[in-house]
Every structure is written in structure tokens, then in C-alpha cells.
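The opening position of the sequence shown corresponds to residue 72 in my numbering, with each subsequent residue numbered one higher.
What follows is a short report on a single structure.
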Amino acid sequence: MGAMVFRTVFGGPDPDGVGATAAIKRSLRDIDFAYELDILLHVGGEISSTTDPTGLYAPRVSVAQRRMTAQIRVNRSDIRDASELSGFLRQAIFLALQQMIERIAAKDKTVDVDAEIRKIVFLTEPGSLTGQ
């Protein structure tokens with residue numbers, strides 16, 4: 072059905088953030104979603120900071136194309152203050168994906184919200200990704 076297109080922009084050099092994000096992307100790439108999810112993840116840094124609250128931005132659902140596009144922005148301060156970066160990023164991405172799924176289901180009643188969320192709930196579990 073629907074794949075995930077997951078592009079990432081980093082606002083500065085952050086090897087830990089790059090590694091954690093790559094692991095999350097790998098864990099999501101083979102999941103078959105009800106809709107295609109096209110996501111731009113912007114992780115704020117010293118060069119290009121994201122000062123808006125961490126979360127989902129510019130969500131757009133096309134029922135006809137069975138596709139949703141959105142941005143997930145991660146605030147630079149949140150990155151800097153996270154006690155466990157990988158866990159913080161997993162939680163932020165999970166919450167944004169959950170909101171995306173709920174928006175899709177609100178427009179397309181054939182989408183099973185609970186089944187879709189079960190596909191990503193592993194993101195909330197500590198140490199759930201390989202190498203974490």
C-alpha cells in the first residue's frame with residue numbers, strides 16, 4: 072500500500088543526531104502504511120536552528136492519492152537538552168506520525184487508526200532500535 076519517504080535536514084554537525092535519525096529511518100522503511108507518508112524531518116542545530124516547538128508542521132492529506140506530506144521539526148534546544156537523544160527523537164517522531172495517522176483517518180474512514188499506530192509503537196520502547 073503506502074511506503075514512507077523520509078528526508079532529513081540537519082541544522083549543523085551532530086554525529087549523534089545523524090546516527091540516531093538514521094537508525095529510526097531504517098526501522099521505518101519497510102513498514103507498509105495505509106497511505107504513503109512523505110516526511111521532511113528538520114533537526115535544528117547551530118547553523119540552521121529550529122526555534123519553533125518540536126512537532127508536526129504543514130500536514131496535508133490527499134485521499135485521492137492516498138498520500139500525506141508533512142514536516143517534523145525538532146527544536147535545537149530540545150536536542151541540546153535531551154538526556155537521551157535517541158529516545159527523544161523516537162518519541163518526537165512517534166508523536167508526529169501518530170498525529171499524521173489520526174489526520175488521515177479523520178478524512179478517510181477506511182483507515183484503521185489503531186492498526187496503523189501499532190505499526191509504529193515500537194518507537195516508544197526504550198532500546199527498541201538496533202544499536203540503541
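Ideal Cβ positions, reconstructed from N, Cα and C, are used throughout, including at glycine.
Look at residue i and residue j and say whether their C-beta atoms are less than 9 Å apart.
i    : j    : result
D109 : A141 : yes
V80  : E107 : no
G116 : D85  : yes
L160 : T92  : yes
A94  : D179 : no
I118 : Y128 : no
V114 : G90  : no
L168 : S98  : no
Per DSSP, which residues does residue i bridge with? Please list them.
i    : result
I110 : F77 and A141
Return helix, strand or coil for residue i, following the three-state DSSP convention.
i    : result
G126 : strand
V134 : coil
Say whether chain B places a C-beta atom closer than 9 Å to the C-beta of residue i.
i    : result
D179 : Here chain B cannot be found, since the structure has a single protein chain.
Looking only at C-alpha atoms, which of the options sits nearest to residue i?
i    : options                   : result
A74  : R147, K96, R161 and L160  : K96
E187 : D152, I172, L127 and R144 : I172
D149 : L166, Q170 and T122       : T122
R174 : R138, N146 and T195       : R138
V145 : G158, I164, R189 and D101 : I164
S133 : D183, V89, L112 and A176  : A176
S157 : E196, S120, D183 and P130 : E196
P124 : D87, R147, D103 and M72   : R147
I191 : D87, D101 and A153        : D101
D51  : A153, Q170 and Q162       : In this structure the chain extends from 72 to 203, so residue 51 is not present and cannot be described.
Practice prompt. List in chain order: all unbroken beta strand (DSSP E) runs of 3+ residues lying wholly within the segment 136-203.
Written response: As for any beta strand (DSSP E) of minimum length 3 sitting wholly inside the segment 136-203, the runs are 138-145, ordered along the chain.
Worksheet item: Residue ranges of each alpha helix (DSSP H) run of no fewer than 4 residues wholly in the segment 77-106, ordered along the chain?
Response: If we require 4 residues or more, the alpha helix (DSSP H) runs fully inside the segment 77-106 come out as 86-99.
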